[in-house]
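*Asks:* Dropping a structure here in structure tokens format, bear with me for questions.
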Amino acid sequence: MRVVLVGPPGAGKGTQAQFIASHLSIPKISTGDIFRHNVSTGTELGKQARAYMERGDLVPDEVTIAMVEARLAEDDAQAGFLLDGYPRNLPQAETLRKLLAEWDTRLDIVLELVVDDDEVVRRLSGRRTCRRCGRIWHVLFEPPAREGRCDDCGGELFQRDDDSELTIRHRLEVYAKQTQPLIAFYADEGILLGIDATGPVEEITARAMAALRRFLL
Ligand code: AP5
1339 MRVVLVGPPG
1349 AGKGTQAQFI
1359 ASHLSIPKIS
1369 TGDIFRHNVS
1379 TGTELGKQAR
1389 AYMERGDLVP
1399 DEVTIAMVEA
1409 RLAEDDAQAG
1419 FLLDGYPRNL
1429 PQAETLRKLL
1439 AEWDTRLDIV
1449 LELVVDDDEV
1459 VRRLSGRRTC
1469 RRCGRIWHVL
1479 FEPPAREGRC
1489 DDCGGELFQR
1499 DDDSELTIRH
1509 RLEVYAKQTQ
1519 PLIAFYADEG
1529 ILLGIDATGP
1539 VEEITARAMA
1549 ALRRFLL
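If you count by this note's numbering, then the sequence shown holds residues 1339 to 1555, one letter each, in order.
Structure, rendered in structure tokens:
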């Protein structure tokens, strides 16, 4: 199955992606995670992406598209994938459609996580991420048992540089201007499915899985 998760920053894409990908036995491919890994390891790609990410702007398409195409060509993505954070604008969506057509395939479904802006700010200002395994936590909504440490692997938790209130507001503007048009784009293709992404994490996962099954049967 080839799935795209779309939604504003803080909608819970990363949180849900880890569970949905595991239920469907497909790899989760997060462009944000790939960029952050490259920034923290100081690669050329990370140097190119860093300033854009810190401001909350999109990394230029020529960098992002090449990176995703290389990742999708890897063996583990041949039978399906879940994209988290890609595509993020119409040129990326058009290029993805062309690439998949060249490979005689297409997206099966685009799952939109729907939440309002106030909830986004609440979620992102309390987000903590594990430096070792990438698991996402929240200081109030999903706190780890031991403050600052991941329950799963014991890794150190950190707060992302782009999670300050000012940058969050800018990321929401970027989403509205550049990413929101994808909703109509995929609705026209007949593969868009929106779900309410408020409530407990497990309930949203169950909602997403039920919607995916209904859509595909
Ligand atoms: P990226 O990492 O993709 O950031 P984003 O889209 O802004 O999304 P987030 O990761 O902030 O939020 P999320 O929806 O994954 O929410 P999460 O699950 O963490 O991108 C970062 C940057 O990289 C971009 O700004 C850009 O510069 C660059 N980039 C990436 N892709 C690009 C592309 N395609 N093109 C160009 N540039 C690109 O949840 C948030 C918090 O809420 C967590 O603490 C979580 O525990 C909590 N939470 C989750 N669900 C719930 C719930 N149901 N109830 C309460 N709390 C919850």
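Just so you know, even glycine gets a beta-carbon here, dropped at the ideal spot from N, CA and C. Only a predicted model underlies this, so the values are computations on that prediction, with no experimental measurement involved.
Looking only at its chain, what residues have a beta carbon closer than 7 Å to the beta carbon of Asn1376, apart from the 5 residues adjacent to it on each side?
*Replies:* Taken in chain order, the residues that qualify are Leu1383, Gly1384, Ala1387.
*Asks:* What residue does the beta strand (DSSP E) around Thr1467 start on, and which one ends it?
*Replies:* 1465-1468
*Asks:* Going by DSSP, name the residue or residues bridged to Trp1475.
*Replies:* Arg1466
*Asks:* Tell me whether Ile1575, by its Cβ, gets closer than 7 Å to a heavy atom of ligand 1.
*Replies:* In the structure displayed, the chain extends from 1339 to 1555; residue 1575 sits before or after that span and is not available.
*Asks:* Could you check which residue in Leu1451, Val1452, Glu1450, Arg1435 has the C-alpha nearest to that of Arg1444?
*Replies:* Arg1435
*Asks:* My understanding is that Ala1546 touches Leu1420, with C-beta atoms under 8 Å, so please give their C-beta distance in whole angstroms.
*Replies:* Incorrect: roughly 11 Å between the Cβ atoms, too far for contact.
*Asks:* In this structure, how does DSSP classify Asp1399 when only helix, strand and coil are distinguished?
*Replies:* helix
*Asks:* Can you tell me where the alpha helix (DSSP H) with Lys1515 in it begins and where it stops?
*Replies:* Careful: Lys1515 lies outside any alpha helix (DSSP H) and carries neither H nor E.
*Asks:* Please classify Phe1496 as buried or exposed, where buried requires at least 16 other C-beta atoms within 10 Å of its C-beta.
*Replies:* Exposed, because fewer than 16 other Cβ atoms sit within 10 Å of the Cβ of Phe1496.
*Asks:* Please determine, among Leu1504, Ala1525, Leu1530, the residue with the shortest C-alpha to C-alpha distance to Glu1392.
*Replies:* Leu1504
*Asks:* Excluding the 5 residues flanking Asp1489 on each side, which residues of the same chain have their C-beta closer than 7 Å to its C-beta?
*Replies:* Pro1482, Ala1483
*Asks:* Need the endpoints of the beta strand (DSSP E) that Arg1340 sits in, please.
*Replies:* 1340-1344
*Asks:* Would Asp1422 be called buried (16 or more neighbouring beta carbons within 10 Å of its own) or exposed?
*Replies:* buried
*Asks:* Excluding the 5 residues flanking Pro1446 on each side, which residues of the same chain have their C-beta closer than 6 Å to its C-beta?
*Replies:* Here residue 1446 is Asp; the residue named in the question, Pro, does not match the sequence. Here the set comprises Met1339, Arg1340.
*Asks:* Tell me which residues share the same chain as Gly1394 and place their Cβ nearer than 7 Å to its Cβ, disregarding the 5 neighbours each side in the sequence.
*Replies:* Asp1500, Thr1505, His1508, Arg1509, Val1512
*Asks:* Could you check which residue in Leu1437, Arg1498, Ile1364 has the C-alpha nearest to that of Phe1373?
*Replies:* Arg1498
*Asks:* Going by DSSP in three states, Leu1530 sits in which element: helix, strand or coil?
*Replies:* Note: Leu1530 maps to strand in three-state DSSP.
*Asks:* Grab the span of the alpha helix (DSSP H) containing Ile1358 for me, first residue to last.
*Replies:* Start and end: 1351-1362.
*Asks:* Where does Val1459 sit, in a helix, a strand or coil, going by DSSP?
*Replies:* helix
*Asks:* Hey, would you say Val1452 sits closer than 8 Å to Ile1533, going by beta carbons?
*Replies:* yes
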